[in-house]
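S.K.:
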Amino acid sequence: MAHVIPFKGIRPSKEEAAVIAALPYDVYSRTEAYEKVKEQPRSFLAIDRPETQFAPDVDMYSSAVYNKAAEMLNQWIAEGRFIQDNEAFYYLYELTMDGRSQTGIVACASIDDYVNSVIKKHENTRADKEQDRINHVDTCSAQTGPIFLAYRHDESISSVVSKMKTRKPVYDFVAEDGIGHRCWVIDDMMSKAIIKSAFDKMDSIYIADGHHRAASAVKVGLKRREENPGYTGKEEFNYFLSVLFPDDELKIYDYNRVVKDLNGMAPEELLEELDTIVDIIKTSDSPIRPETKGQWSMLLEGTWYLCQVKEEHMVDDPVEGLDVSLLQNLVLEPLLGIEDPKTSDRIDFVGGIRGLEELERRCKLDCKIAFAMYPTSISELFAVADAGLLMPPKSTWFEPKLRSGLFIHRI
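Dropping the structure here:
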């Protein structure tokens, strides 16, 4: 069973919500974060990336920087920019992008469920990326960036969501990037009981996005258990801030690849090698999108090729059968010499949200070949996680991104 509980949220005043809400801390470089906070100093990014309050030569991982985040959070609460609910609630968070909406339950998930793999992962994490958020969460005594979780559609939760959305939302705004955000407080006992009961019956929920944030929150919780040997398990540090979405509302975008050279081959030689691996369905001077699993499109020397992996190369395995794995194992490593895409400086990854035009731009700028992938499906993600396996790097790109600062969980 999954322990998904309500919490006493710290959240913006109605007047401040649209200004405070910020994209996740890790979508910005240090320079971009400086520029964004300079443009809007009341954005929550100022707290999520507290190095923006210091000179550029200050070590962004120093204790003074994390202390500044805690100081600013407490100051903004004292100034009334945030309010704290005096009762534990679940919340609804709806995001709308290009006419498509997804609505999640804002709640706290259990660190024990993470440790015991009730909450399932599909990515490895890096210790250096974890440490930054460990320091931030521990110093602020607060989780400020929610983890994006997914669950298999549940009709009882959907009925509560539909009923709640007939009410007036507590927040309703469209961000500068065009994403709509609406939130509700689930404050009636019956709805709270239905939600808790539904999650109690689930044996698995899944991290869709935010593996590093989740790992960091869990490690802070485990650290506080060591510091408090008499802990009961009910303390807030035993749980981490999450937004849980039903699988049938989620969209995964393609995560595409660009390679800087052809590994010493001429284009004609590469095409000849590919002839044993894929069938070329069609070519075009204009971008072509792959249409189904087992396909990718390739941009080479200004021509787009729609490639279908030959049947004898298809693999019935949760990881090896992923399109990104087929491309890696059949083309990128044996032909283009990309042995480890995590460390190679000859390959870059381009989120599908940027469009195929970005692949064309890169092939004119600094790359020789590009591959546009068919998006990994949510069912493939679940299958990999259920098997206890890990996806290759850069397999999934989720949009829209959850905003930070709309819900904060004190630990």
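Mapping of the sequence shown onto my numbering: position 22 corresponds to residue 247, and the numbering continues sequentially without gaps. Think of the CB as a built atom: it goes at the ideal place given N, C-alpha and C, for glycine as much as any other residue.
(1) Kindly list the residues whose CB is nearer than 7 Å to the CB of residue 408, restricted to its own chain and excluding five residues on each side of it in sequence; keep chain order.
(2) With burial defined as no fewer than 16 other Cβ atoms inside 10 Å of the residue's Cβ, what is the status of residue 708: buried or exposed?
(3) Between 428, 524 and 509, which has its C-alpha nearest residue 487's C-alpha?
(4) Please confirm whether residue 235 and residue 314 have their CB atoms less than 9 Å apart.
(5) Sorted by chain position, which residues of the same chain lie with C-beta nearer than 7 Å to residue 267's C-beta, five sequence neighbours on each side aside?
(6) If I measure Cβ to Cβ from residue 521 and keep anything under 7 Å in the same chain, skipping five residues before and after, which residues do I get?
(7) Touch check for the segment 370 to 380 and the segment 436 to 455: three-plus C-beta pairs under 8 Å?
(8) So, residue 572 versus residue 495, is the Cβ gap smaller than 9 Å?
(9) Using CA coordinates, which residue listed in 472, 303, 254 and 364 is at the minimum distance from residue 191?
(10) Report the option in 512, 357 and 282 whose CA atom is closest to the CA atom of residue 588.
(11) Using 9 Å as the threshold, is the C-beta distance between residue 231 and residue 411 below it?
(12) Since residue 355 and residue 634 are thought to touch, with beta carbons under 8 Å apart, how far apart are those beta carbons, to the nearest angstrom?
(13) Just reading off the beta strand (DSSP E) that residue 507 is part of, what are its end residues?
(14) Among 427, 345, 616 and 400, which residue has its Cα nearest to the Cα of residue 626?
(15) Would DSSP call residue 319 helix, strand or coil?
(16) Using DSSP's beta-bridge definition, name the partner residues of residue 596.
(17) Does the separation of the CB atoms of residue 606 and residue 431 fall below 9 Å?
(18) Write down the C-beta distance between residue 294 and residue 272 rounded to the nearest angstrom, noting that I regard them as a contact closer than 8 Å.
(19) Thinking residue 501 and residue 405 are a contact (beta carbons under 8 Å), I'd like their distance in whole angstroms, please.
(20) Pick out whichever of 624, 615 and 476 has its Cα sitting closest to the Cα of residue 348.
(21) Can you tell me whether residue 539 is buried or exposed, with buried defined as 16 or more other CB within 10 angstroms of its CB?
(22) Quick one: using the 10 Å Cβ neighbour count with 16 as the cut-off for buried, is residue 311 buried or exposed?
(23) Just curious, the alpha helix (DSSP H) that residue 245 is in, first and last residue?
(24) Count the other CB atoms, across all protein chains shown, that sit within 10 Å of the CB of residue 277; report buried if there are 16 or more and exposed otherwise.
(25) Which parts of the segment 331 to 392 are runs of the beta strand (DSSP E), unbroken and 3 residues or longer, counting only runs that do not cross its ends?
(26) Can you give me the C-alpha to C-alpha distance between residue 482 and residue 543, rounded to a whole angstrom?
(27) Between the Cα of residue 537 and the Cα atoms of 529, 280 and 519, which residue gives the shortest distance?
(28) For residue 575 and residue 484, I'd like the C-alpha separation in whole angstroms.
(29) Comparing alpha-carbon positions, which option in 233, 242, 327 and 342 lies nearest residue 612?
(30) Using a Cβ-Cβ cutoff of less than 7 Å, which residues in the same chain neighbour residue 436 once the five nearest sequence positions on both sides are dropped?
M.R.: Looking at the coordinates:
(1) To locate residue 408, count along the sequence shown from 1; it is residue 183. If we look at residue 408 and ignore the five residues flanking it on each side, its Cβ neighbours are 316, 317, 318, 394, 395, 396 and 631.
(2) Residue 708 is absent from the structure shown; the chain starts at 226 and stops at 636.
(3) As a first step, residue 487 is located in the sequence shown; it is residue number 262 there, counting from the start. Among 428, 524 and 509, the Cα nearest to that of residue 487 is on 524.
(4) Taking the sequence shown and counting its residues from 1, one reaches residue 235 at position 10. Taking the sequence shown and counting its residues from 1, one reaches residue 314 at position 89. With a cutoff of 9 Å on beta-carbon distance, residue 235 and residue 314 are scored as not near each other.
(5) The residue you call residue 267 lines up with position 42 of the sequence shown. Same-chain partners within the cutoff: 244 and 245.
(6) Translated into the one-based positions of the sequence shown, residue 521 becomes position 296. The residues 515, 532, 548, 552, 596, 597, 598 and 599, in chain order, have a CB closer than 7 Å to that of residue 521 in the same chain once the five nearest residues on each side in sequence are set aside.
(7) Yes, the segment 370 to 380 touches the segment 436 to 455.
(8) Counting from one through the sequence shown, the residue named residue 572 turns up at place 347. Counting from one through the sequence shown, the residue named residue 495 turns up at place 270. Annotated as distal: residue 572 and residue 495, with beta-carbon spacing of 9 Å or more.
(9) Absent from the structure is residue 191, since the part of the chain shown begins at 226 and ends at 636.
(10) The sequence position of residue 588 within the sequence shown is 363, counting from 1. Answer by Cα proximity: 512.
(11) Within the sequence shown, the letter at position 6 stands for residue 231. Within the sequence shown, the letter at position 186 stands for residue 411. For residue 231 and residue 411, yes; Cβs fall inside 9 Å.
(12) To locate residue 355, count along the sequence shown from 1; it is residue 130. To locate residue 634, count along the sequence shown from 1; it is residue 409. Actually they do not touch by this definition, with Cβ atoms about 18 Å apart.
(13) Translated into the one-based positions of the sequence shown, residue 507 becomes position 282. Taken as a continuous stretch (DSSP letters only), the beta strand (DSSP E) holding residue 507 covers 503 to 509.
(14) Along the sequence shown, one-based indexing puts residue 626 at 401. When each option's Cα is compared against that of residue 626, the closest is 400.
(15) By one-based count along the sequence shown, residue 319 stands at place 94. In this structure, residue 319 counts as strand in the three-state DSSP scheme.
(16) Locating residue 596 in the sequence shown gives position 371, counting from the first residue. In DSSP, residue 596 forms a bridge with 482 and 523.
(17) As a working mapping, residue 606 is identified with position 381 in the sequence shown. As a working mapping, residue 431 is identified with position 206 in the sequence shown. Result yes, Cβ atoms of residue 606 and residue 431 sit closer than 9 Å.
(18) As a working note, residue 294 is residue 69 in the sequence shown. As a working note, residue 272 is residue 47 in the sequence shown. Yes, residue 294 and residue 272 are in contact; Cβ-Cβ is about 5 Å, under 8 Å.
(19) Your numbering for residue 501 matches position 276 in the sequence shown. Your numbering for residue 405 matches position 180 in the sequence shown. Incorrect: roughly 48 Å between the Cβ atoms, too far for contact.
(20) Here residue 348 refers to the residue found at position 123 of the sequence shown. Nearest in C-alpha terms to residue 348, of all of 624, 615 and 476, is 615.
(21) Numbered from 1 along the sequence shown, position 314 holds the residue referred to as residue 539. The residue in question, residue 539, is exposed, as its Cβ has fewer than 16 Cβ neighbours within 10 Å.
(22) Your numbering for residue 311 matches position 86 in the sequence shown. Looking at its Cβ environment, which holds fewer than 16 other Cβ atoms inside 10 Å, residue 311 is exposed.
(23) Walking along the sequence shown from the start, residue 245 turns up at place 20. Note, residue 245: alpha helix (DSSP H), 242 to 245.
(24) Taking the sequence shown and counting its residues from 1, the one referred to as residue 277 is at position 52. By the neighbour-count criterion, in which 16 or more other beta carbons inside 10 Å mark a residue as buried, residue 277 falls on the buried side.
(25) With a minimum length of 3 residues, the continuous beta strand (DSSP E) runs that stay inside the segment 331 to 392 are 372 to 376.
(26) On the sequence shown, residue 482 is found 257 positions in, with the first residue counted as 1. On the sequence shown, residue 543 is found 318 positions in, with the first residue counted as 1. Near 21 Å, if we compare the C-alpha coordinates of residue 543 and residue 482.
(27) By 1-based counting over the sequence shown, the position of residue 537 is 312. Taking the Cα of residue 537 as reference, the smallest distance to any Cα among 529, 280 and 519 is reached at 519.
(28) Position 350 of the sequence shown holds residue 575. Position 259 of the sequence shown holds residue 484. Computed Cα separation, rounded: 11 Å.
(29) As a working note, residue 612 is residue 387 in the sequence shown. Checked all of 233, 242, 327 and 342; the closest Cα to residue 612 is 342.
(30) To locate residue 436, count along the sequence shown from 1; it is residue 211. If we look at residue 436 and ignore the five residues flanking it on each side, its Cβ neighbours are 346, 348 and 350.
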